[in-house]
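Undergrad: Following this note's numbering, the numbering of the sequence shown begins with 56 at its first residue and continues without gaps.
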Amino acid sequence: MLDLYHHGSSVCAAKVRFALAEKQVQVDNAHYIDILKGEQFTEDYRKINPKAVVPSLVHDGLIINESTVICEYLDEVFPGPSLKPEGAYEKTLMRIWTKAVDEQLHPACGELTFVCCHRFIVQRLGKEKMQEFLSSTPDQSVTSKWKERKKQIVLMGFDAPGIEDTIRLYDGYLSKMEETLKNHTWLAGETFSLADIGLTPYVNRLDMLNMSGMWENGRLPHVADWFSRIKQRPDFKAAFLDWCPADLTEDLATFGVQTWPDVKRIIGMA
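(1) Please work out which residues of its chain come closer than 6 Å, Cβ to Cβ, to residue 314, disregarding the five sequence neighbours upstream and downstream, and give them in chain order.
(2) Taking the C-alpha atoms as reference points, what is the distance between residue 75 and residue 57?
(3) Does the beta-carbon of residue 250 have 16 or more other beta-carbons within 10 angstroms, so that it is buried, or is it exposed?
(4) Please check the pair residue 95 and residue 85, which I expect to be a contact at CB under 8 Å, by giving their CB distance rounded to whole angstroms.
(5) Ignore the nearest five residues each way along the sequence and tell me which others in residue 6's own chain have a CB closer than 8 Å to its CB.
(6) Might you give, ordered along the chain, the residues of its own chain that have their beta carbon closer than 6 Å to the beta carbon of residue 72, omitting 5 neighbours on each side?
(7) Within 10 Å of its beta-carbon, does residue 306 have 16 or more other beta-carbons around it, so buried, or fewer, so exposed?
(8) On the premise that residue 243 lies in contact with residue 105, defined as a C-beta separation below 8 Å, what is that separation, rounded to the nearest angstrom?
(9) Can you check whether the CB of residue 322 is closer than 8 Å to the CB of residue 222?
(10) Helix, strand or coil for residue 68 per DSSP?
(11) Just to confirm, is the Cβ distance from residue 112 to residue 59 under 8 Å?
(12) Touch check for the segment 273–280 and the segment 226–235: three-plus C-beta pairs under 8 Å?
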């Protein structure tokens with residue numbers, strides 16, 4: 056029995072959905088956790104994931120958390136196409152990318168997503184519900200300081216200290232991808248792997264925010280080519296777009312357009 060707890064706009068949940076699809080593994084039960092309404096904070100869900108984040112995978116009663124770990128688990132446990140390169144060095148390159156995602160790019164994505172979109176959604180809850188939402192985040196979540204950082208970004212927006220550094224870090228990873236893809240078809244060599252699965256949600260997040268200008272129009276042509284090939288994979292749409300509710304997809308696009316001038320300015324495009 057395979058149960059997946061996930062959300063439509065969660066980059067980590069999308070990564071796991073992509074890995075499941077590429078491995079051709081079917082989920083028996085998909086439990087939708089609306090993280091923008093605070094459903095991840097319920098007592099029942101926190102028994103599965105104490106950090107109150109998605110995704111979580113339950114396989115025959117075994118709980119597996121952390122999306123990178125879940126993807127590795129899926130590749131090891133289930134048959135189907137391998138998601139790791141054959142060579143030891145290429146496997147190392149793959150893990151360097153997935154490690155970078157966990158340590159730097161994912162926390163940066165949380166900040167970018169909230170400053171560019173989700174703060175507006177949370178503010179729509181009203182003052183009382185917004186404060187309840189912000190106070191419900193556990194002390195140890197996306198990062199050890201995410202509870203206070205999220206509150207800071209929701210209340211201060213682009214005036215939050217360090218937010219410009221975060222956005223430049225994000226843009227810097229696109230540049231690192233560009234340098235790698237000048238010499239290789241995929242991020243860990245010539246084989247599509249967990250490195251590509253791991254980075255896809257973070258590029259797609261920008262795309263859904265209407266911020267593809269960060270790589271289009273000749274700015275980062277190899278990233279543009281890579282993402283075009285990613286989007287042509289048979290399971291991309293189902294893993295990334297179909298699960299995102301229409302109203303949330305619209306919010307990402309609308310608020311992304313609204314905040315794109317600030318992002319352009321920060322990364323030196325304006």
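Cβ coordinates follow ideal geometry from the N, Cα and C atoms, glycine included.
TA: Concretely, from the data shown:
(1) Position 259 of the sequence shown, counting from 1, holds the residue named residue 314. Within the same chain, 171 come within 6 Å of residue 314 by CB-CB distance, once the 5 residues on both sides are set aside.
(2) Locating residue 75 in the sequence shown gives position 20, where the first residue counts as 1. Locating residue 57 in the sequence shown gives position 2, where the first residue counts as 1. Each residue's alpha carbon lies about 11 Å from the other.
(3) Here residue 250 refers to the residue found at position 195 of the sequence shown. Buried, since its Cβ has 16 or more Cβ neighbours within 10 Å.
(4) Translated into the one-based positions of the sequence shown, residue 95 becomes position 40. Translated into the one-based positions of the sequence shown, residue 85 becomes position 30. Between residue 85 and residue 95 the Cβ distance is about 15 Å, and since that is not below 8 Å, they are no contact.
(5) This structure cannot speak to residue 6, because the chain is shown only from 56 to 325.
(6) Within the sequence shown, the letter at position 17 stands for residue 72. Shown here for residue 72: same chain residues with a beta carbon closer than 6 Å to its own, the five before and five after excluded, namely 294 in chain order.
(7) Counted from its first residue, the sequence shown places residue 306 at position 251. That one is buried.
(8) Within the sequence shown, residue 105 is the residue found at index 50, counting from 1. Within the sequence shown, residue 243 is the residue found at index 188, counting from 1. At roughly 31 Å, the Cβ-Cβ gap does not stay under 8 Å, so residue 105 and residue 243 are not in contact.
(9) Position 167 of the sequence shown, counting from 1, holds the residue named residue 222. Position 267 of the sequence shown, counting from 1, holds the residue named residue 322. Judged by beta-carbon spacing, residue 322 lies within the 8 Å limit of residue 222, meaning their Cβ atoms are closer than that value.
(10) Along the sequence shown, one-based indexing puts residue 68 at 13. If DSSP states are grouped into helix, strand and coil, residue 68 belongs with the helices.
(11) One-based indexing of the sequence shown puts residue 112 at position 57. One-based indexing of the sequence shown puts residue 59 at position 4. In this structure, residue 112 sits near residue 59, with a CB-CB distance shorter than 8 Å.
(12) The segment 273–280 vs the segment 226–235: in contact.
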